[in-house]
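The listed protein sequences derive, respectively, from chains B and G.
For reference, each letter of the first sequence is one residue, going 1 to 254 in the numbering used here.
For reference, each letter of the second sequence is one residue, going 255 to 723 in the numbering used here.
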Amino acid sequence: MAENYLDIKNLNVEINGKEILKDVSIRVKSGEIHALMGPNGTGKSTLAHSVMGNPKYKIKGGEIILNGKKMNDLQIHERAREGIFLAFQEPVSVQGLRFINYLRTAYTSLHPQEKLEYKKFLDEVKELLNFFGLDNSFIDRGLNDGLSGGEKKRMEALQMLILKPKFIILDEIDSGLDVDALRIVSKAIQKAKENGAGIIIITHYQRILDYIKPDFVHVLIDGKIAESGNGELAKIIEERGYEYYKGEINAKIE
Amino acid sequence: MQKLNDIEDINKEKYDFVTKIKPAYQTGKGIDRELIEEISRVKKEPEWMKNIRLKALEVFLSKPIPKWGPDISEINFDEITYYIKPEDRKANDWNEVPDEIKNTFEKLGVPEMERKYLAGSVAQLESEGVYSKIKKQWADKGVVFMDMDSALQQYPEIIKEHFGKIVPPSDNKFAALNTAVWSGGSFLYIPKGVKMELPVQAYFRMNGEMEGQFERTLIIAEEGASVHYIEGCTAPTYSKYSLHAAVVEVYAKKDSKVRYTSVQNWSDNIINLPTKRAWVEENAKMEWVQGSLGSKITMTYPSSILRGEWASTSNLNVALATGNVWKDNGAKVVHAAPNTSSKVVAKSISGQGGMSVYRGLLRINKGAYNSKASVQCDALILDDHSKSNTYPHNEILDESASFSHEASVGKISEEQVNYLMSRGIREEDARSLIVLGFLDDVLKEIPLEYSLEFNKLIKLEMSKMGAVG
Ligand SMILES: Nc1ncnc2c1ncn2[C@@H]1O[C@H](COP(=O)(O)OP(=O)(O)OP(=O)(O)O)[C@@H](O)[C@H]1O
Ligand SMILES: [Mg+2]
Numbered sequence: 001m002a003e004n005y006l007d008i009k010n011l012n013v014e015i016n017g018k019e020i021l022k023d024v025s026i027r028v029k030s031g032e033i034h035a036l037m038g039p040n041g042t043g044k045s046t047l048a049h050s051v052m053g054n055p056k057y058k059i060k061g062g063e064i065i066l067n068g069k070k071m072n073d074l075q076i077h078e079r080a081r082e083g084i085f086l087a088f089q090e091p092v093s094v095q096g097l098r099f100i101n102y103l104r105t106a107y108t109s110l111h112p113q114e115k116l117e118y119k120k121f122l123d124e125v126k127e128l129l130n131f132f133g134l135d136n137s138f139i140d141r142g143l144n145d146g147l148s149g150g151e152k153k154r155m156e157a158l159q160m161l162i163l164k165p166k167f168i169i170l171d172e173i174d175s176g177l178d179v180d181a182l183r184i185v186s187k188a189i190q191k192a193k194e195n196g197a198g199i200i201i202i203t204h205y206q207r208i209l210d211y212i213k214p215d216f217v218h219v220l221i222d223g224k225i226a227e228s229g230n231g232e233l234a235k236i237i238e239e240r241g242y243e244y245y246k247g248e249i250n251a252k253i254e
Numbered sequence: 255m256q257k258l259n260d261i262e263d264i265n266k267e268k269y270d271f272v273t274k275i276k277p278a279y280q281t282g283k284g285i286d287r288e289l290i291e292e293i294s295r296v297k298k299e300p301e302w303m304k305n306i307r308l309k310a311l312e313v314f315l316s317k318p319i320p321k322w323g324p325d326i327s328e329i330n331f332d333e334i335t336y337y338i339k340p341e342d343r344k345a346n347d348w349n350e351v352p353d354e355i356k357n358t359f360e361k362l363g364v365p366e367m368e369r370k371y372l373a374g375s376v377a378q379l380e381s382e383g384v385y386s387k388i389k390k391q392w393a394d395k396g397v398v399f400m401d402m403d404s405a406l407q408q409y410p411e412i413i414k415e416h417f418g419k420i421v422p423p424s425d426n427k428f429a430a431l432n433t434a435v436w437s438g439g440s441f442l443y444i445p446k447g448v449k450m451e452l453p454v455q456a457y458f459r460m461n462g463e464m465e466g467q468f469e470r471t472l473i474i475a476e477e478g479a480s481v482h483y484i485e486g487c488t489a490p491t492y493s494k495y496s497l498h499a500a501v502v503e504v505y506a507k508k509d510s511k512v513r514y515t516s517v518q519n520w521s522d523n524i525i526n527l528p529t530k531r532a533w534v535e536e537n538a539k540m541e542w543v544q545g546s547l548g549s550k551i552t553m554t555y556p557s558s559i560l561r562g563e564w565a566s567t568s569n570l571n572v573a574l575a576t577g578n579v580w581k582d583n584g585a586k587v588v589h590a591a592p593n594t595s596s597k598v599v600a601k602s603i604s605g606q607g608g609m610s611v612y613r614g615l616l617r618i619n620k621g622a623y624n625s626k627a628s629v630q631c632d633a634l635i636l637d638d639h640s641k642s643n644t645y646p647h648n649e650i651l652d653e654s655a656s657f658s659h660e661a662s663v664g665k666i667s668e669e670q671v672n673y674l675m676s677r678g679i680r681e682e683d684a685r686s687l688i689v690l691g692f693l694d695d696v697l698k699e700i701p702l703e704y705s706l707e708f709n710k711l712i713k714l715e716m717s718k719m720g721a722v723g
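Next comes the structure, spelled out in structure tokens:
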């Protein structure tokens, strides 16, 4: 895969008139893994939704650029077609929409130039379900309908692999996963990386980062990147907590 | 790979064409005693049938137009043409059907469906059946499937015994009207123990405006028999209304199983007021599956009277009310024997100012002990101009009965749309998928040809809405 990059530049985002993100910049290249950490409510999911294009999140300043192309004015599905994928913190369910029908529609929407062979596609889905420890009944179930928290996360990871995106944002993919599932999902992320995707992992825990070593770690505090560093930063954060930054920010304000 | 946004071929325009024929016979406008006598004379009917008609006319004239539900006061009974016979011959072979009529049914896909998966087929244009066929394998077992007028000539005794017993003219004004002027419809008889693996289909086509189609259908499933009857309905669009008022009577005898699937895609000038009812005897099973795509106004409440112990019924209903449309759909179930069970699932979609109503009656008689009933009605409202109402009426007169009622009214959530869009799916396609998902548990019960129709229509409606909003 040719080298791709996703450039989030000085992003300012508002929701319902409230400023959430302030001048956030992150640049991700293909094959890189970035971890985004920070306390509850600091705007991590907001960043994910803004990059994906959810119209509730108003971009007040800054740019999202994918391989030189500005994403700001594109609709959600257009951004997806450019190669952005978001694994939701809380995937919604759609009753009666069979997973396989949904997935096929998604795939053909994302890769219109490919001629999809249904049989092959189905086999691939089955194989992946098996990889994630899910049985074949999930093929025909309503999209996320009645799935447990951990099952939903595994299904998100499955889609991440099958839909072949260029850039992946995983919003707390690790929450709700048992130890075995965490290991499997980590493997899946590793695979995506090897396929050349650039990845942002939003997480609260070092646990997942023990499996997938991030190249960069960003700490988001009150909508601002308070610190960026290499993989070691995650461990430091785990030890010293976020209070450290609060103090620092307060100190700056004073 | 067919893409979701390929909507070229999904227009209702497929059905919007007029068959250019000069009818072989047609009555003048308006309804009176002379009209009834004329129809009966043209059909060379037995005297007793003429008398049934004349009595029904009295009932029709004496009953007022219903004041509840949608406004149907625009119907002017003096302006309607009640009987139009397109063609003198009735064929059992498509090659014997006159070209213009044959082309009509070919465009509608009727002969093709027959070849692909039907055991038998009846095709009606205007007031008369023009074609009927039951495949030899089933004819040999004694199955009869033909248009009702032919049946009256060939099986007068059976008709006399069963006609108008389940739906008497006194039931409602339009049942009385139908009984007075009925023409066409299908007669289906399945002898004892005969299980038909393949469905039979009747296709009703209207061709003009300010006319009425009053087909009369009688289904008799003898003991242990089973059958799936499918009904399709279409018409071209006109600015003035036409009236469709059918009566359907189903005898589901002991241990029999009857499924009645009806998919109407009437043009949006049709006022559709059918009365459909089944008597369900001991351990028999009656399934109503209704897909209501078209028409301007529909009022239909298929009923099952559970008369024998262990009898059961289900009623699955999907109604689409988009545009200047009122769908008044529902179900009526009477538990008149112990250990009977019923299940009603009604789903509706209203959009672009459409109105959809669920109107139901469920009664568990005293003495119908250990009966079980459930009613579920779910409405999806697509925009702020559209409405949905539910009028369930439940009379549970036996204490040992178990009964549940669930109703929901919802909108498509933006979160759902955003989620699907984040996987590359366009907004209108996302909305279609959500709507189709909502309908799925009923749509999967509808034969493929017709459920595809639903798919296409929903997608078309969503693309229209996308263009507006
Ligand atoms: N729809 C909304 N309406 C109003 N406020 C919102 C909305 N969505 C998010 N917010 C607010 O924006 C802020 C950032 O929320 P966000 O979900 O981005 O946090 P987060 O960093 O992902 O937190 P967590 O770690 O708990 O997932 C929070 O204060 C939240 O309450
Ligand atoms: Mg979050």
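Beta carbons: idealized from backbone N, C-alpha and C, even for Gly.
All figures in this text were calculated on a predicted structure; none of them were measured in a lab.
Start and end of the beta strand (DSSP E) containing residue i?
{"i": "L66/B", "result": "57-66"}
{"i": "N305/G", "result": "Note, N305/G: premise wrong, no beta strand (DSSP E); alpha helix (DSSP H) at 301-316."}
{"i": "E541/G", "result": "539-546"}
{"i": "S386/G", "result": "382-388"}
{"i": "A590/G", "result": "Unbroken run through A590/G: none, as it is neither H nor E."}
{"i": "N526/G", "result": "524-526"}
{"i": "K361/G", "result": "Counting along the chain, K361/G falls outside any beta strand (DSSP E), though it belongs to the alpha helix (DSSP H) covering 353-361."}
{"i": "D342/G", "result": "Counting along the chain, D342/G falls outside any beta strand (DSSP E), and DSSP gives it neither H nor E."}
{"i": "D135/B", "result": "Where D135/B is concerned, there is no enclosing beta strand (DSSP E), given that its DSSP letter is neither H nor E."}
{"i": "Y269/G", "result": "Segment: none, Y269/G is in no beta strand (DSSP E) and carries neither H nor E."}
{"i": "I290/G", "result": "Run containing I290/G: none in the beta strand (DSSP E); it sits in the alpha helix (DSSP H), 287-296."}
From which residue to which residue does the alpha helix (DSSP H) around residue i run?
{"i": "F121/B", "result": "118-131"}
{"i": "F692/G", "result": "681-697"}
{"i": "Q190/B", "result": "179-194"}
{"i": "Y309/B", "result": "This structure gives no information on residue 309/B, because the portion of chain B shown stretches from 1 to 254."}
{"i": "Q159/B", "result": "149-162"}
{"i": "K115/B", "result": "Premise fails: K115/B is in no alpha helix (DSSP H) and is neither H nor E."}
{"i": "L47/B", "result": "44-52"}
{"i": "M367/G", "result": "364-371"}
Looking at chain B, which residues of the segment 495-506 of chain G have a Cβ within less than 9 Å of any of its Cβ atoms?
If the cut-off is 9 Å between Cβ atoms, the segment 495-506 of chain G has nothing near chain B.
Around ligand 2, Cβ to any heavy atom closer than 7 Å, ordered along the chain:
This selection yields K44/B, S45/B, Q89/B, D171/B, E172/B, I202/B.
With 9 Å as the limit, tell me which residues of the segment 674-696 of chain G have their beta carbon closer than that to any beta carbon of chain B; keep them in chain order.
For the segment 674-696 of chain G, which is checked against every Cβ of chain B, the residues closer than 9 Å are L674, M675, S676, R677, G678, I679, R680, E681, D683, A684, L687, I688, L690, G691, F692, L693, D694, D695.
Ordered list of beta strand (DSSP E) runs contained in the segment 626-667 of chain G, each at least 3 residues
Segments of the beta strand (DSSP E) lying fully in the segment 626-667 of chain G: 626-635, 641-650, 656-664.
Which complete alpha helix (DSSP H) runs does the segment 201-243 of chain B hold, if anything under 4 residues is left out?
Qualifying alpha helix (DSSP H) stretches, in chain order: 206-211, 232-240.
What residues in the segment 625-641 of chain G bring their beta carbon closer than 7 Å to a beta carbon of chain B?
Cβ proximity to chain B below 7 Å picks out nothing from the segment 625-641 of chain G.
Contact between the segment 114-131 of chain B and the segment 39-46 of chain B is defined here as three or more beta-carbon pairs at a separation below 8 Å; is this criterion met?
Judged by Cβ distances under 8 Å, the segment 114-131 of chain B makes no contact with the segment 39-46 of chain B, as fewer than three pairs qualify.
Three Cβ pairs or more, each shorter than 8 Å: is that satisfied between the segment 452-465 of chain G and the segment 478-492 of chain G?
Enough Cβ pairs lie closer than 8 Å, so yes.
Can you list, in chain order, the stretches of the beta strand (DSSP E) that have 3 or more residues and sit fully within the segment 392-462 of chain G?
If one requires a minimum length of 3 residues, the beta strand (DSSP E) runs lying completely within the segment 392-462 of chain G are 398-401, 440-444, 454-459, in chain order.
Identify each residue in the segment 42-55 of chain B for which the Cβ-Cβ distance to at least one residue of chain G is less than 7 Å, and report them in chain order.
M52, N54: these are the residues of the segment 42-55 of chain B whose beta carbon lies less than 7 Å from some beta carbon of chain G, given in chain order.
Residues of the segment 703-718 of chain G with a CB closer than 9 Å to any CB of chain B: list them in chain order, please.
The residues in question: there are none.
Touch test, the segment 161-169 of chain B against the segment 190-205 of chain B, Cβ-Cβ under 8 Å, three pairs minimum:
The answer is yes - the segment 190-205 of chain B touches the segment 161-169 of chain B, with three or more Cβ pairs under 8 Å.
Listed from N- to C-terminal order along the chain, which residues in the segment 649-670 of chain G have their beta-carbon within a distance smaller than 9 Å of any beta-carbon of chain B?
Those residues of the segment 649-670 of chain G that come within reach of chain B (Cβ to Cβ, closer than 9 Å) are S667, E668, E669, Q670.
Going along the segment 188-213 of chain B in order, which residues come within less than 9 Å of chain G, judged by CB to CB distance?
Within the segment 188-213 of chain B, no residue qualifies.
Which residues, taken in chain order from the segment 300-323 of chain G, show a beta carbon closer than 8 Å to some beta carbon of chain B?
Interface annotation for the segment 300-323 of chain G against chain B: empty, criterion Cβ-Cβ distance under 8 Å.
Taking 8 Å as the threshold, find out whether the segment 679-693 of chain G comes into contact with the segment 72-86 of chain B through three or more Cβ pairs.
Below 8 Å, enough C-beta pairs join the segment 679-693 of chain G and the segment 72-86 of chain B to call them touching: three or more.
Beta strand (DSSP E) runs wholly inside the segment 67-94 of chain B, at least 3 long, in chain order
Runs of the beta strand (DSSP E) inside the segment 67-94 of chain B: 84-87.
Please give the ranges of any beta strand (DSSP E) in the segment 466-505 of chain G, keeping only runs that are unbroken, at least 3 residues long and fully inside the region.
Note on the segment 466-505 of chain G: whole beta strand (DSSP E) runs with a minimum of 3 residues are 470-475, 480-488, 496-498, in chain order.
Between the segment 543-558 of chain G and the segment 566-584 of chain G, are three or more C-beta pairs nearer than 8 Å?
The segment 543-558 of chain G vs the segment 566-584 of chain G: in contact.
When Cβ atoms are compared, which residues of the segment 4-38 of chain B fall closer than 8 Å to chain G?
If the cut-off is 8 Å between Cβ atoms, the segment 4-38 of chain B has nothing near chain G.
Three or more beta-carbon pairs under 8 Å between the segment 1-20 of chain B and the segment 170-190 of chain B, yes or no?
Counting Cβ pairs under 8 Å, fewer than three are found: no touch.
Got a sec: which bits of the segment 98-115 of chain B sit with their beta carbon under 9 Å from any beta carbon on chain G, in order along the chain?
Contacts with chain G (Cβ-Cβ distance below 9 Å) from the segment 98-115 of chain B involve R98, N101, Y102, L103, R104, T105, A106, Y107, T108, S109, L110, H111, P112, E114, K115, listed in chain order.
Which residues, taken in chain order from the segment 62-84 of chain B, show a beta carbon closer than 9 Å to some beta carbon of chain G?
Within the segment 62-84 of chain B, the qualifying residues are Q75, I76, H77, E78, R79, A80, R81, I84.
Between the segment 642-658 of chain G and the segment 608-625 of chain G, do at least 3 Cβ pairs fall closer than 8 Å?
Yes, the segment 642-658 of chain G is in contact with the segment 608-625 of chain G.
Please determine if the segment 232-240 of chain B and the segment 49-61 of chain B are in contact, where contact requires at least 3 C-beta pairs separated by less than 8 Å.
Result no; under three Cβ-Cβ pairs closer than 8 Å.
Could you name the residues of the segment 157-173 of chain B whose beta carbon sits closer than 8 Å to any beta carbon of chain G, in the order they occur along the chain?
Within the segment 157-173 of chain B, Q159, L163 place their CB atoms closer than 8 Å to a CB of chain G, listed in sequence order.
Stretch-stretch touch, CB-based, cutoff 8 Å, three pairs: the segment 392-411 of chain G with the segment 429-443 of chain G:
At 8 Å Cβ cutoff, the stretches touch.
Meets three-Cβ-pair contact criterion under 8 Å: the segment 102-111 of chain B and the segment 706-714 of chain G:
Segments in contact, no.
Listed in chain order, which residues of the segment 127-141 of chain B have Cβ atoms closer than 7 Å to some Cβ of chain G?
So the list is empty, because no residue satisfies the distance condition.
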